[in-house]
Ligand code: GLU
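Next up, the structure:
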């Protein structure tokens, strides 16, 4: 068979050669060791939170090494495509601080970055494969393939187009020509020389040395509309875009021997591979995939709940590199990009998603922010997601900053807030329109005592007093109503007292904040101001 002639017959309009593209997309001029990575999502309209893991790996490896990080839109499966999805992907990841160097919006010299715009490139390489005997047209109809699959199911053998099941592998030039003349559609298949009895030795940078079954199947390279399958597009794109590290989901691992064959047939150098396990979650003790319907699977959830991007990034890094938390303890205020991300610190079995751990990490990160930063971030979030909170906080920015500043800045900052959605509840008692008393007064305080305590405090509260004087005042009130002014004395002889200073403080806390736990009451009262403090105490005395 004259393969050159066959190639011309199949793709008469393709006049470019691989040399043309090799020249157009030359090896990148980058420093030694620079990594070129890409994230290659399909625009399905759903951006999975799990995507942040490979994206972060790609981004870190590229930028940490002085390399390039690309976003390639894989839209060859038009059935799954959704209008606007491409921009949603870019926006979602940029929100989390991911910088793409090249993409449909950032441009770049190695584009187009959307596969549907690369049809002629794929066809050029398809033609090359035909011309070298590595690919052939297959005219089998859908019915014929269904029938083949049924036979294979019945015989309980591996499904696919291979071995004794192939029909079009050895069609003559004349047969192909006649089929084309008759207007029969065809797909282009890879001519595999593999044997499923063999194992291929492959090294994955995360999973280590692997042995995977060799590919014996004549897979489809181009569909009947001339659009490539994932495999063909992967080989051509990652070669021409000069990807050095292919970082992708582990579901592609079984196809890797096929990809190795394809790269060989195309004369391409094999990139390095890193297969990342799916993000899992715990259900009881069982590990389950974090699937689309699970809480927290969609990335937009993190926008609407008000997760600060740096919190999420911190969490992602905690899961990705086993030594990250140690590094963070040693470098609490360092920019996360200074962390030396290492492939060998990644777990081959992947990451386990845990919302509680995420929220803990968020609390830590938020606790390190100053009041101004928190104020800006919360109001930025609230403007879009909670206009009522936005209006409250921006009415008197100084007042809000003081509230958000409680317990910040010291060696052990308070960890009240994980996400911005929680801020409203947290600050609610500072605003009359949100203030409600939801806690009970301590049960052991007689109503008459409560009235005395609250009235005495209201009458004597001095917002200019320092913390010691303020507390001495409370102690004096406690003693005046027969409560122990210190806990030690109370514990030694409880029968001597009607209660203790803790009960008195709790009365004040419930009266002023409406709840049983709150940040430091001295601070809280100073921010609220004498007018509100006394009014609330008197109201609670009457209740
Ligand atoms: N479009 C493929 C996917 O979403 C990309 C896999 C890859 O990164 O090569 O699974």
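Numbering (the working numbering), first residue to last: 6 to 548. The C-beta atom is built at its ideal place from N, Cα and C for all residues, glycine as well. Keep in mind that this is a model prediction, so the values were computed, not measured.
At least one heavy atom of ligand 1 lies less than 7 Å from the C-beta of residue 253. Remark: three or more beta-carbon pairs, one from each stretch, lie closer than 8 Å, so the region 63-77 and the region 95-112 are flagged as touching. For residue 73, DSSP records a beta bridge to 41. Residue 188 sits exposed, since fewer than 16 C-beta atoms from the chains shown fall within 10 Å of its C-beta.
Taking C-alpha positions only, residue 476 is separated from residue 490 by approximately 10 Å. By the neighbour-count criterion, in which a residue is buried when 16 or more other Cβ atoms sit within 10 angstroms of its Cβ, residue 326 is buried. In the structure shown, residue 108 adopts extended strand secondary structure according to DSSP, grouped into three states. Sequence-distant Cβ neighbours of residue 545 in its own chain, meaning closer than 6 Å and more than five residues away, are 459, 516. Here residue 265 is buried: its Cβ has 16 or more other Cβ atoms, across all protein chains shown, within 10 Å. When secondary structure is reduced to three states using DSSP, residue 147 falls in the helix class. With a cutoff of 8 Å on beta-carbon distance, residue 217 and residue 348 are scored as not near each other. Less than 8 Å separates the beta-carbon of residue 192 from that of residue 227. Partner residues in the beta bridge of residue 205, as assigned by DSSP, are 217. In terms of Cα proximity to residue 9, the closest of 131, 89, 111, 76 is 131. Using a cutoff of 7 Å, the CB of residue 263 does not count as near ligand 1, since none of the ligand's heavy atoms is closer than that. By the Cβ criterion, the region 378-386 is in contact with the region 399-416, since at least three pairs of Cβ atoms, one from each stretch, lie closer than 8 Å. Under the DSSP assignment, residue 288 falls outside any alpha helix (DSSP H), being part of the beta strand (DSSP E) whose first and last residues are 285-288. Contact annotation: residue 229 and residue 197 have beta-carbon atoms that are not nearer than 8 Å. In the pairwise beta carbon analysis, the region 307-324 is classified as touching the region 363-383: at least three pairs are separated by under 8 Å.
Judged by the Cβ position, residue 79 qualifies as a neighbour of ligand 1 at the 7 Å threshold, a heavy atom of the ligand being closer than this. For residue 46, the CB falls within less than 7 Å of some heavy atom of ligand 1.
The beta-carbon distance between residue 209 and residue 279, rounded to whole angstroms, is 6 Å. This is short enough to meet the 8 Å contact definition. Between the region 112-132 and the region 20-36 there are three or more inter-stretch CB-CB distances shorter than 8 Å, so the stretches are counted as touching. Closest option to residue 375, judged by alpha-carbon separation, among 410, 507, 390: 410. Taking the CA atoms as reference points, residue 199 sits about 47 Å from residue 331.
The region 268-275 makes no contact with the region 50-58, as fewer than three CB pairs between them are under 8 Å. When DSSP states are grouped into helix, strand and coil, residue 322 belongs to the helix group. Ranked by Cα distance from residue 17, the options 205, 100, 135 are led by 135.
Non-local beta-carbon contacts of residue 50 in its own chain, meaning distances under 6 Å to residues more than five positions away in sequence, involve 87, 90 in chain order. If the five residues before and after residue 355 are omitted, its C-beta is found closer than 8 Å to the C-beta atoms of 255, 281, 282, 283, 284, 285, all from its own chain and listed in chain order.
Counting C-beta pairs closer than 8 Å gives three or more between the region 405-422 and the region 518-535, which meets the contact rule. DSSP places residue 55 within a helical segment (H, G or I) once states are collapsed to three. Straight-line spacing of the CA atoms in residue 94 and residue 246 works out to 20 Å. Annotation: the continuous beta strand (DSSP E) that includes residue 292 extends over 291-294. Of all alpha-carbon atoms in 437, 446, 119, 433, the one lying nearest the alpha-carbon of residue 514 is that of 446. Unbroken beta strand (DSSP E) runs of no fewer than 3 residues, entirely contained in the region 166-199, are found at 192-195, following chain order.
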